[in-house]
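Comments concern the structure below.
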Amino acid sequence: MTLLPSTDVDPFGPEVLEDPRPFHAQLRDAGPVVHLTRYDTYAMARYEHVHAALVNWQGFQSGAGVGLSNFHTEKPWRPPSLLLESDPPGHDAPRRVLGAILSQRALRRLREQWFAAAEELVDAVLAAGPELDAVPALAEAFPLRVFPDAVGIPDEGRENLLPYGDFLFNAFGPRNELMEAGLADAGRLGAWVNEQCRREVLAPGGFGAAIWAAADRGDITPGQAPLVVRSLLSAGVDTTVQGLGAVLHAFATHPGQWRRLRADPRLARVAFDEAVRWASPVQTFFRTATTEVRVADTVIPSGKKILMFLGAANRDPRRWADPDAFDLARDPSGHVGFGMGIHQCVGQHVARLESEALLTALAARVETIELSGPTRRHHNNTMRAWASLPMRLG
Ligand code: OVM
13 MTLLPSTDVD PFGPEVLEDP RPFHAQLRDA GPVVHLTRYD TYAMARYEHV HAALVNWQGF
73 QSGAGVGLSN FHTEKPWRPP SLLLESDPPG HDAPRRVLGA ILSQRALRRL REQWFAAAEE
133 LVDAVLAAGP ELDAVPALAE AFPLRVFPDA VGIPDEGREN LLPYGDFLFN AFGPRNELME
193 AGLADAGRLG AWVNEQCRRE VLAPGGFGAA IWAAADRGDI TPGQAPLVVR SLLSAGVDTT
253 VQGLGAVLHA FATHPGQWRR LRADPRLARV AFDEAVRWAS PVQTFFRTAT TEVRVADTVI
313 PSGKKILMFL GAANRDPRRW ADPDAFDLAR DPSGHVGFGM GIHQCVGQHV ARLESEALLT
373 ALAARVETIE LSGPTRRHHN NTMRAWASLP MRLG
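Numbers in this note's numbering are just positions in the sequence shown, counted from 1, shifted up by 12.
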């Protein structure tokens, strides 16, 4: 028996959120499993073990919540997600329904429209001058332009989407200052989101209407439909905003890779996955041990929470050559930035299409992308996010 390594570092503290990389290296090097004494939970940061935990839904359940809070002992702040916070067999029908609606095949009808929308946005941004803050001007603007329309929600209240997501992703962490700061508005935001999930509110032809049509066919129940729509509005905006922020930041700091993309715009798709690996916009999720689970030399007791460091796994030198390099020549497949296994991001084709549209429009119009001022992080308990990315497009 070897002693279980432990740390009292707070993974949700401001120092780690500002730059988690030194802490990630420390966790990976400490061993396959590390005890987080502050929260009495277990952590995994090596690719091998994070990957194994993600695919082991039998041993590591999601139904007790994928945040720090255990839904079996604490009341969740909102009714649990039928996709994220659930296990087979209940997970299967909602997953099958949403997976079909968001499949690569089903998204083909949006491609032309989204490419045109990206060209329009980039033209408008460039017309305003070469300097911009890429967070509001591109990373937020593009998903907000195309995704709510694709879901089919009305225009009114869309400004609630980003704050709702920010609170939701903070709520997976401990009840720290970040979480507490969002509490005052969470009820109002949650009520607005729930209202958008009703059948009567959702425009025909959208993802939302398709979810209700699945209920009419009996593939899910009418009681499940609004919660599946809620998953779209919960997981579909902040994630893609930060994915786009990550890929734009990556190119702004790797001019050689931008030249490569310009020479071969088909690299837009691999560029996004490499950026998701490199930056891991969703940094962490928890699981809960359903029984005693052995990981390497450690037995995780039944009922304990396990924190999986997706961002650390995605830069584990045991798995990736030169992991800190953003490199379009690498094959990033197998990264765990979208998770892995039965819960792997159901919206990943939506995110890839948004990114492909935006990068293709930029690559056709912009020779150089560079940072033009100090960047600023946005701290969130789950997301690795940017508040500001000042850039000059040449
Ligand atoms: C959901 C949901 C919410 C946040 C994240 C997520 C990354 C899913 O409500 O289903 O997946």
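Ideal placement from N, C-alpha and C gives every residue a C-beta, glycine not left out.
Unbroken alpha helix (DSSP H) runs of no fewer than 4 residues, entirely contained in the stretch 278-323, are found at 280-291, following chain order. According to the DSSP assignment, Ser-93 belongs to no beta strand (DSSP E), since it is labelled neither H nor E. The residue among Glu-192, Asp-178, Ile-223 and Asn-172 with its C-alpha nearest the C-alpha of Arg-200 is Asn-172. In the structure shown, Ser-115 falls within a coil segment according to DSSP collapsed to helix, strand and coil. With distances taken between CA atoms, Ala-363 lies nearest to Thr-251 out of Val-305, Pro-92 and Thr-251. If you check the CB distance, Gly-218 and Val-259 do not come in under 8 angstroms.
Secondary structure of Gly-199 (DSSP, three-state): helix. Judged by beta-carbon spacing, Leu-80 lies within the 8 angstroms limit of Tyr-51, meaning their Cβ atoms are closer than that value.
In the displayed model, Arg-388 falls within a strand according to three-state DSSP. DSSP places Ile-354 in the helix class (H, G or I) of the three-state scheme.
Counting along the chain, Thr-252 sits inside the alpha helix (DSSP H) bounded by residues 250-264. Distances from the alpha-carbon of Glu-143 to those of Ala-308, Arg-396, Val-378 and Val-45 put Val-378 closest. Of the residues Arg-211, Ala-183 and Ala-153, the one whose Cα lies closest to the Cα of Ala-198 is Ala-183. For Tyr-54, the enclosing beta strand (DSSP E) starts and ends at 53-56. DSSP, reduced to helix, strand and coil, places Gln-208 outside both helices and strands of the structure shown, so it counts as coil. In the DSSP assignment, Ala-397 falls within the beta strand (DSSP E) that extends over 396-400. The three-state secondary structure of Asp-231, taken from DSSP, is coil.
Checking the 7 angstroms criterion, the Cβ of Arg-242 is within range of a heavy atom belonging to the ligand OVM. The beta carbon of Gln-295 sits closer than 8 angstroms to those of Pro-32, Phe-321, Leu-322, Gly-323, Thr-394, Met-395 and Arg-396, all from its chain and outside the five residues before and after it, given in chain order. CA-to-CA, the gap between Val-307 and Arg-90 works out to about 32 angstroms. Around the beta carbon of Lys-87, fewer than 16 other beta carbons lie within 10 angstroms, which makes this residue exposed. Proximity of the stretch 119-128 to the stretch 230-239 falls short of the contact definition, fewer than three beta-carbon pairs being nearer than 8 angstroms. Counting along the chain, Asp-41 sits inside the alpha helix (DSSP H) bounded by residues 33-42.
Of all C-beta pairs linking the stretch 59-71 to the stretch 323-332, three or more are shorter than 8 angstroms, placing the two stretches in contact.
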